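Position 23, counted from 1, in the sequence shown is what the working numbering calls 24; the numbers after and before it change by one each time, with no gaps.
Backbone N, C-alpha and C fix where the C-beta goes; we use that ideal spot for every residue, glycine too.
Just so it is clear, the structure is predicted and the values come from calculations on it, not from any experiment.
This report concerns only the one structure given below.
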Amino acid sequence: MSLRNRVAALVTVLIVAVAGAGAYVWNVRRDQARAVAAAPPVPPGADLATVRAEPHLVFRSTALGAGYGKVAVVPLTAPDGPRTLTPASCERVYATAADAICLSAERGLVTTYQARLLGPSWTPVRDLPLTGIPSRARLSRDGTLAATTTFVFGDSYANPGQFSTRTVVTRVDGEVVGDIEKFTLTVDGGVVTSPDKNLWGVTFLDGDRFYATAASGARTWLVEGSLSARTVTALHDDVECPSLSPDRTRVAFKKHGDLPAGKWRLAVHDLRTGAEILLAETRSVDDQVEWLDDRTVVYGLPRETAGTASSDVWRVPADGTGRPQLLIHDAWSPAVVRGEEGS
2 MSLRNRVAAL VTVLIVAVAG AGAYVWNVRR DQARAVAAAP PVPPGADLAT VRAEPHLVFR
62 STALGAGYGK VAVVPLTAPD GPRTLTPASC ERVYATAADA ICLSAERGLV TTYQARLLGP
122 SWTPVRDLPL TGIPSRARLS RDGTLAATTT FVFGDSYANP GQFSTRTVVT RVDGEVVGDI
182 EKFTLTVDGG VVTSPDKNLW GVTFLDGDRF YATAASGART WLVEGSLSAR TVTALHDDVE
242 CPSLSPDRTR VAFKKHGDLP AGKWRLAVHD LRTGAEILLA ETRSVDDQVE WLDDRTVVYG
302 LPRETAGTAS SDVWRVPADG TGRPQLLIHD AWSPAVVRGE EGS
C-alpha cells in the first residue's frame with residue numbers, strides 16, 4: 002500500500018472513530034434528557050439566606066430533573082424535606098459557614114475537571130490547584146484551609162492503567178501549603194522512603210494539624226500530620242478516608258480487613274484509647290464519611306434509578322449500635338454546617 006493510501010486509510014479510521022464517539026455522547030445525553038424530562042419535580046425549599054441562617058446540610062442533589070448535580074441545602078431539622086438548590090454544580094462538595102469547595106467535571110469527548118472555592122452566593126471565588134481526576138475535598142473548620150485529593154496516572158511505580166493520588170493543601174486565598182505526599186512519613190519509628198507512597202483523604206484538626214490516609218505496598222495507616230513540620234506519623238493501620246468527630250476525640254473511616262478487593266467496612270477509632278469499633282452498616286461504603294453530630298456519621302451510597310446513576314445519604318450510630326437509616330433521598334457528598342465553626 003502506498004504512503005498516500007495508508008494516510009487516507011488512517012484518516013478514514015480517525016473520522017469513523019470520532020463520529021462514533023460523537024454519536025455515543027449524543028445518545029447518552031439524549032437518554033439522560035429523556036430521563037430528566039420524565040422525572041417528577043423536586044419540591045423547592047426556602048430561600049438560601051433563610052436556610053443558611055440555621056444549622057443545615059449541604060450536598061450534591063442526585064434527584065432526576067433540572068437540578069441534577071446541583072448543590073442543595075436543607076435544614077438539619079428536615080434533611081429529607083424540600084431542598085434549596087444553589088447555582089453550583091459539583092461532583093463533590095464540602096462546606097463550612099464561611100465558604101465551600103466544589104470539585105466539578107465538564108463531560109464531553111474530552112472531560113475536564115476543576116476545583117473551585119465558592120463564596121456565600123455559591124458562585125466561584127477562585128480556582129484551586131487540581132492535578133487529576135477529583136476524588137475527595139475538605140475544608141478546615143474555620144474555612145481557611147482546603148484539601149483536594151485527585152487520582153493521577155503515569156507515576157513510575159504504577160503498573161500500566163493504574164493510578165496514584167495527589168493531595169494538595171492550600172489556603173483559601175490560593176497559596177499552596179504543600180503536596181502532603183512529599184511530607185516525611187514515619188511508621189513504627191522508621192521513615193518510609195518507598196516511591197509508591199500515597200496520601201489522601203485529609204480531615205483537619207486545626208490550622209496546622211490534620212489526619213489522613215497513608216499507603217505503601219499493601220498497607221494503609223491513619224496518620225497525623227503537621228503542615229509546618231511537613232511530617233506525617235502513622236497511628237493506626239488499615240484506615241482509609243478518615244473523618245474527625247466534632248468533639249475531636251474519634252476518627253470515622255473505612256477499613257478493608259479481610260473483605261474482597263474493592264470492599265470496605267465503616268469503623269470508628271478512638272484517638273484517646275486506641276479502641277476500634279465496627280459500625281452497624283455492613284454494606285460496602287466507598288466514601289469519606291461526615292459526622293452529623295458526636296453520635297452519628299453520615300455517608301453516601303450509590304444506586305441505580307431509571308437507568309441513571311443516583312445515590313442516597315445514610316446515617317448510622319457511631320458507637321456500633323442501631324442500624325443504618327436513610328437520611329436524604331437522591332443525595333451525595335454531605336457536609337454538616339452548624340454555625341461559625343463550620344462542620
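query	result
Looking at C-beta atoms only, is the number of pairs between the segment 245-261 and the segment 224-231 that lie closer than 8 Å three or more?	no
Just the C-alpha distance for LEU131 and ASP180, rounded to the nearest angstrom, thanks.	11 Å
Would you mind listing the alpha helix (DSSP H) stretches within the segment 163-232 that are 4+ residues and don't spill past its ends, in chain order?	none
Pop quiz: TRP222 and THR168 are said to be a contact at Cβ under 8 Å. What is the actual Cβ separation, rounded to whole angstroms?	Wrong, their Cβ atoms sit about 14 Å apart, outside the cutoff.
Check whether the Cβ atoms of LEU104 and ALA138 sit closer than 9 Å, and answer yes or no.	yes
Which same chain residues end up closer than 6 Å to THR187 when comparing Cβ atoms and leaving out the 5 residues on each side of it in sequence?	THR234
For VAL286, does the three-state DSSP call read helix, strand or coil?	coil
In this structure, how does DSSP classify ALA345 when only helix, strand and coil are distinguished?	Because the chain spans 2 through 344 in this model, residue 345 falls outside it and cannot be assessed.
With distances taken between CB atoms, is the gap from ALA116 to THR149 smaller than 9 Å?	yes
In whole angstroms, what separates the C-alpha of SER90 from that of GLY191?	44 Å
List the whole-angstrom C-beta distance separating TRP265 from ASP238, where the pair is believed to meet the contact cut-off of C-beta under 8 Å.	Actually they are not in contact, since the Cβ atoms of TRP265 and ASP238 sit about 14 Å apart, beyond 8 Å.
Quick check on this structure: which residue in GLY68, ARG273, ARG84 and SER165 has the alpha carbon closest to the alpha carbon of HIS57?	ARG84
Can the beta-carbon of ALA101 be found less than 9 Å from the beta-carbon of TYR114?	no
Buried or exposed: which applies to PRO261, given that a residue is buried once 16 or more other Cβ atoms fall within 10 Å of its Cβ?	exposed
Just verifying my parser: in three-state terms, what is the DSSP assignment at LEU49?	helix
Could you tell me the alpha carbon to alpha carbon distance between VAL224 and PRO135, rounded to whole angstroms?	21 Å
Can you give the Cα-Cα distance for VAL357 and LEU140, rounded to whole angstroms?	Because the chain here runs from 2 to 344, residue 357 falls outside it and cannot be looked at.
Can you name the residues that DSSP bridges to LEU118?	ILE102 and ARG127
Does the Cβ-Cβ distance between GLY70 and LEU129 come in under 9 Å?	no
With distances taken from CA atoms, which of THR171, ASN199 and LYS183 is nearest ASP209?	THR171
Taking only three categories from DSSP, how would you classify ASP238?	strand
Quick check on the burial criterion: 16 or more other C-beta atoms within 10 angstroms. Buried or exposed for VAL203?	buried
Could you check if GLN326 is buried or exposed, using at least 16 other CB atoms within 10 Å of its CB as the buried criterion?	exposed
Buried or exposed, going by whether 16 or more other CB atoms sit within 10 Å of the CB of ASP331?	buried
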